[in-house]
Amino acid sequence: MLIAPSRLQRLWPPAGFVPLAWRNLTANKPRLIRSSGGIGFAVLLMLMQLGFQRAFFNASLEIIQRLDGDIFLQSASKYRFATRDPFPRRDLDAARAVSGVASAWPLYADWFDVFWRNPSDGKSFLVAVFAFEPDHPVLRLPGVDGNLEELSELDTVLIDRHARRFLGMDPSIEQSELNGVKVRVVGGFALGPNFESDGTVAIGDRTFAQLLPGPGGDPPGVEVGVIKLRTGSDPVAVQRAIRAKLPPEIAVMSKAQLLELERNFQADVSSAGPIFAMGTLVGFVVGMLIAYQIIYTDLAEQLPQYATMKAIGYRTRYLVRVVLEQAAFSGLAGWIPAWLLSIVLYSVVGEVALLQMRMTWDLALISLVLTLSMCLISAVLAVRRVIALDPAEVF
Amino acid sequence: MTEAQVGVGRARQPKRVALAWRILTYEKGRTALAIAGVFMAILLIFVELGFFFAVPQGGMLLYDNMQFDLLMCSNQYEYQAQPGQFPRSQLEQARALPEVAQATPLYFGSAKWRSGEDGKWPDVFVIGFDPQRRLFEVDDINRQLGVLEETDTVLVDTGTRPMFGPLTTGRVVKIGDRTETIGGRYDLGTGFMGLGVILVSDLNFARLFPYRSLDQVNLGPIQLKAGVEPNRAAEELRKLVGPDTRIFTRSELEAHEAAYWTTRTSVGLIFGSGLIISFIVGIMVVYQTLATQVSRLLPQFATLKAIGYANRFLDGTVITMSLLIVIVGFVPATAAALGLYSVIRDETLLPVAMTATRLATVFAATLVMASISALLSLSSLRRADPADVF
Numbered sequence: 001m002l003i004a005p006s007r008l009q010r011l012w013p014p015a016g017f018v019p020l021a022w023r024n025l026t027a028n029k030p031r032l033i034r035s036s037g038g039i040g041f042a043v044l045l046m047l048m049q050l051g052f053q054r055a056f057f058n059a060s061l062e063i064i065q066r067l068d069g070d071i072f073l074q075s076a077s078k079y080r081f082a083t084r085d086p087f088p089r090r091d092l093d094a095a096r097a098v099s100g101v102a103s104a105w106p107l108y109a110d111w112f113d114v115f116w117r118n119p120s121d122g123k124s125f126l127v128a129v130f131a132f133e134p135d136h137p138v139l140r141l142p143g144v145d146g147n148l149e150e151l152s153e154l155d156t157v158l159i160d161r162h163a164r165r166f167l168g169m170d171p172s173i174e175q176s177e178l179n180g181v182k183v184r185v186v187g188g189f190a191l192g193p194n195f196e197s198d199g200t201v202a203i204g205d206r207t208f209a210q211l212l213p214g215p216g217g218d219p220p221g222v223e224v225g226v227i228k229l230r231t232g233s234d235p236v237a238v239q240r241a242i243r244a245k246l247p248p249e250i251a252v253m254s255k256a257q258l259l260e261l262e263r264n265f266q267a268d269v270s271s272a273g274p275i276f277a278m279g280t281l282v283g284f285v286v287g288m289l290i291a292y293q294i295i296y297t298d299l300a301e302q303l304p305q306y307a308t309m310k311a312i313g314y315r316t317r318y319l320v321r322v323v324l325e326q327a328a329f330s331g332l333a334g335w336i337p338a339w340l341l342s343i344v345l346y347s348v349v350g351e352v353a354l355l356q357m358r359m360t361w362d363l364a365l366i367s368l369v370l371t372l373s374m375c376l377i378s379a380v381l382a383v384r385r386v387i388a389l390d391p392a393e394v395f
Numbered sequence: 396m397t398e399a400q401v402g403v404g405r406a407r408q409p410k411r412v413a414l415a416w417r418i419l420t421y422e423k424g425r426t427a428l429a430i431a432g433v434f435m436a437i438l439l440i441f442v443e444l445g446f447f448f449a450v451p452q453g454g455m456l457l458y459d460n461m462q463f464d465l466l467m468c469s470n471q472y473e474y475q476a477q478p479g480q481f482p483r484s485q486l487e488q489a490r491a492l493p494e495v496a497q498a499t500p501l502y503f504g505s506a507k508w509r510s511g512e513d514g515k516w517p518d519v520f521v522i523g524f525d526p527q528r529r530l531f532e533v534d535d536i537n538r539q540l541g542v543l544e545e546t547d548t549v550l551v552d553t554g555t556r557p558m559f560g561p562l563t564t565g566r567v568v569k570i571g572d573r574t575e576t577i578g579g580r581y582d583l584g585t586g587f588m589g590l591g592v593i594l595v596s597d598l599n600f601a602r603l604f605p606y607r608s609l610d611q612v613n614l615g616p617i618q619l620k621a622g623v624e625p626n627r628a629a630e631e632l633r634k635l636v637g638p639d640t641r642i643f644t645r646s647e648l649e650a651h652e653a654a655y656w657t658t659r660t661s662v663g664l665i666f667g668s669g670l671i672i673s674f675i676v677g678i679m680v681v682y683q684t685l686a687t688q689v690s691r692l693l694p695q696f697a698t699l700k701a702i703g704y705a706n707r708f709l710d711g712t713v714i715t716m717s718l719l720i721v722i723v724g725f726v727p728a729t730a731a732a733l734g735l736y737s738v739i740r741d742e743t744l745l746p747v748a749m750t751a752t753r754l755a756t757v758f759a760a761t762l763v764m765a766s767i768s769a770l771l772s773l774s775s776l777r778r779a780d781p782a783d784v785f
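In order, the protein sequence lines correspond to chains A and B. Just so we're aligned, residue 1 is where the first sequence starts under my numbering, counting upward by one. Just so we're aligned, residue 396 is where the second sequence starts under my numbering, counting upward by one.
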């Protein structure tokens, strides 16, 4: 039997308590390494799947999060954010007149009609386009360098430095083409690709109107109306007042409602949800099997010791607790290295795949809960041997 | 090493298997657990591999159901749903070649399906072609080609999502600025074309997209006359059409689409990393089992050593145990993978399917996995020193 390092003994546990589970766990170092390796990889698998899932969903929600407003107008028939379904500008102007509204400005957008020319190889690629009045930038683009106001000049563009590499959106380039029209690059931002697009450009409303004029050469329709409230006004009341003033073809939404629409759409329609959920589930089951194997083997080896303890009067309840504690420790011993490794992997994979893989506290917590529950379920399944144990039979 | 020893080694081959088998069958519960672990690991590899190939294959869905030997497209071609455009005159030139039996223009467009559930207007992917031509290999389509000739009538893919509302024949829907009637359904799959796909005649396509000219074609599937070698005909055509138009043979097209999905999107990385992790998990599981067995049976192994069995024999026994575990685990894992693939097909509408190559690949990977785990656990076996144990 191993004598725990004195350092550990001082810290853990309180005096008078024999940390049997801990000692069992650390008694055989090679086995501990083996078991934490086994559980750890299963945890790592779950963490990667969860991370991918988060990254995908967050990527499609991020642009909505970055809309700088309190209330939003869009076509009632718009079923997701990344689809063009514009509404007339006059509805936005009508909303501006509602009391409590401080400002109401348009976001123009398109996902499927604008091709960016990679200046280095001359090939054209579909990109997402966002446009606004340069004096009223309703979209807070991340990491903007360059002057937004330069977008008021015709045929100028801000490019996405985090776009997929084959688009050639290198910050050093000075000009390229959008749908064959020469444009000047006046700066960049750091957004990155998502489900719908490999890269994004931001342009001024006038450039957008030239690129994608409305039917009959009219100014293009507004994709999202971004409304800011006067300080102190009641958002619910103002939303209701705007609703009353606009035709039913226009949806009046809070940011939470806008996010909800997108989240529901993604969960409903995209394959990413089930794919990663299945990956996580498989990781969980594999982890459970590994944990069961570890606990079962350990119990088999310690059976005489458990029988002895039973014989000298320890209650089954205590022994069960020891087994469960040990399972929880094994889980932790696998989770900690897996969690650390996943942070490294997130940043490597995120960099290579241009996904925003971030380790958040809730992700850490979810994976920890999954790990502990997979170990505890295995322990509960394996512990029946201890419960059924009859000291007389063992010896 | 003397010849006699080598001879003995050979004679012991079946004995080694027999010993490994007896160790494994001695404690059935423990072995069953090991096999269950291996089973899950192999299943995981199947699933990741399934996704890895399903995504490019989802992109091939339309092509796999079309009759053609060569595909003409613009040199701006990215992948099937983003093909670019080229002039129809080039297809007509191609048709004039003696090798070419048929060259059909295919049109792609995206329109608002203005009759969705809850007043939403989902985007529908529209495929236009001349219904006089039998372009598709799908019976449902070929049977209903006559329906497409009716004015403002469409055929709907059964994979179209529920948000488009009921897909019943006779339902009148608004698509773009037109009122169309659903003439029937066909079973092909939406792949990565979108949430819903409809087929229309080229004439109807022109009505749906009035600003588009039928002189600009998205894809030109070409059928060659019997006996014509596709590669040679492709060379011939390339000379004819010039650099702005591209000619793919079927195998070139397949390679292009697979490369697009694995390198241009995150697919390769995501499922590639999943594949690697599941492989490592598999190694861990088998290693776990073997190392436990070896350390438990250390006295017995030491005894064998003491009575003169060579290290090689003991190593061989552990490796054999490892192989036996994974081979036995492989069988149910394959069966479960088949079941899981069909669940995935229903859930994600991706064409995940088992192929002979995949089966062979996973089996080979499994054997590698077993060998690595066995080699890792040999170090514990080395500890079997008769002098120490007793």
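Where is the CB? At the ideal position from N, CA and C, for every residue including glycine. Treat the numbers as computed from the prediction; the structure is a model and nothing was measured.
- 8 angstroms or more divides the Cβ of T576(B) from the Cβ of G591(B).
- A direct Cα-Cα distance of roughly 9 angstroms separates G40(A) from V676(B).
- Excluding its 5 nearest sequence neighbours in each direction, V286(A) has C-beta neighbours in its own chain below 6 angstroms: A42, listed in chain order.
- Counting C-beta pairs with one atom in each stretch, the segment 722 to 739 of chain B and the segment 430 to 439 of chain B have three or more that are closer than 8 angstroms, which means they touch.
- If you check the CB distance, Q475(B) and L457(B) come in under 8 angstroms.
- Taking 9 angstroms as the cut-off between beta carbons, the residues of the segment 156 to 174 of chain A near chain B are R164 and F166, in sequence order.
- Counting only residues of its own chain and dropping the five nearest sequence neighbours on each side, G663(B) has a CB closer than 8 angstroms to the CB of F447, W656 and T657.
- Here K515(B) carries a coil assignment [DSSP, helix/strand/coil].
- In terms of Cα proximity to Y306(A), the closest of E393(A), A364(A) and V238(A) is E393(A).
- For a cut-off of 8 angstroms, the C-beta gap from L603(B) to R645(B) is around 30 angstroms, too long to register as a contact.
- The C-beta separation of P215(A) from I71(A) comes to about 27 angstroms, leaving the pair out of contact by the 8 angstroms criterion.
- Sequence-distant partners of L354(A) (beyond 5 residues in either direction) whose C-beta falls short of 7 angstroms from its own C-beta, in its chain, are H162, R164, G192 and P193.
- For the segment 652 to 665 of chain B, residues whose beta-carbon sits nearer than 8 angstroms to a beta-carbon of chain A comprise R659, S661, L664 and I665.
- For the pair A338(A) and L25(A), the CB atoms are not nearer than the 8 angstroms cut-off.
- Y581(B): member of the beta strand (DSSP E) spanning R573 to Y581, first to last residue.
- If you check each beta-carbon in the segment 106 to 119 of chain A against every beta-carbon of chain B, the ones closer than 7 angstroms belong to F112.
- Judged by beta-carbon spacing, Q53(A) lies beyond the 8 angstroms limit of G283(A), meaning their Cβ atoms are not closer than that value.
- The segment 40 to 93 of chain A contains no complete alpha helix (DSSP H) run of 4 or more residues.
- One Cα belongs to F195(A), the other to F56(A), and the distance between them is close to 7 angstroms.
- Beyond the five residues adjoining it in sequence on each side, T761(B) comes within less than 7 angstroms, by CB distance, of I437, V721 and F725 in the same chain, given in chain order.
- Nearest to G313(A) by C-alpha distance, out of L61(A), D390(A) and T156(A), is D390(A).
- With contact defined as three or more Cβ pairs closer than 8 angstroms, the segment 74 to 83 of chain A and the segment 176 to 184 of chain A are not in contact.
- Two segments are said to touch when three or more pairs of C-beta atoms, one from each, lie closer than 8 angstroms; by this definition the segment 581 to 590 of chain B touches the segment 544 to 557 of chain B.
- At the C-beta level, I570(B) and R509(B) come within 8 angstroms of one another.
- Of the residues D525(B), Q688(B) and L692(B), the one whose Cα lies closest to the Cα of G615(B) is D525(B).
- Here the alpha carbon of G541(B) sits roughly 11 angstroms from the alpha carbon of R528(B).
- A check of alpha carbon separations from R483(B) across S673(B), E494(B) and A498(B) identifies A498(B) as the nearest.
- Scanning chain B for C-beta atoms nearer than 8 angstroms to the C-beta of L289(A) yields L428, A431, G432, M435 and V680, reported in chain order.
- Using a CB distance below 9 angstroms, the part of the segment 472 to 485 of chain B facing chain A consists of E473, Q477 and G479, ordered along the chain.
- Taken in chain order, the members of the segment 730 to 752 of chain B whose beta-carbon sits within less than 9 angstroms of a beta-carbon on chain A are L735, V738, I739, E742, T743, L744 and L745.
- Between the segment 681 to 688 of chain B and the segment 379 to 386 of chain A, the count of C-beta pairs closer than 8 angstroms stays below three; the two stretches do not touch.
- At a cut-off of 8 angstroms between C-beta atoms, R384(A) does not count as an interface residue with respect to chain B.
- Between the beta-carbon of G589(B) and that of G453(B) there is about 12 angstroms, and that puts the pair past the 8 angstroms contact cut.
- Neighbours of A353(A) across chain B, judged by C-beta separation under 8 angstroms: S661, L664 and I665.
- Two segments are said to touch when three or more pairs of C-beta atoms, one from each, lie closer than 8 angstroms; by this definition the segment 288 to 299 of chain A does not touch the segment 349 to 367 of chain A.
- Put simply, the CB of A76(A) is near chain B, with a gap under 8 angstroms to one of its CB atoms.
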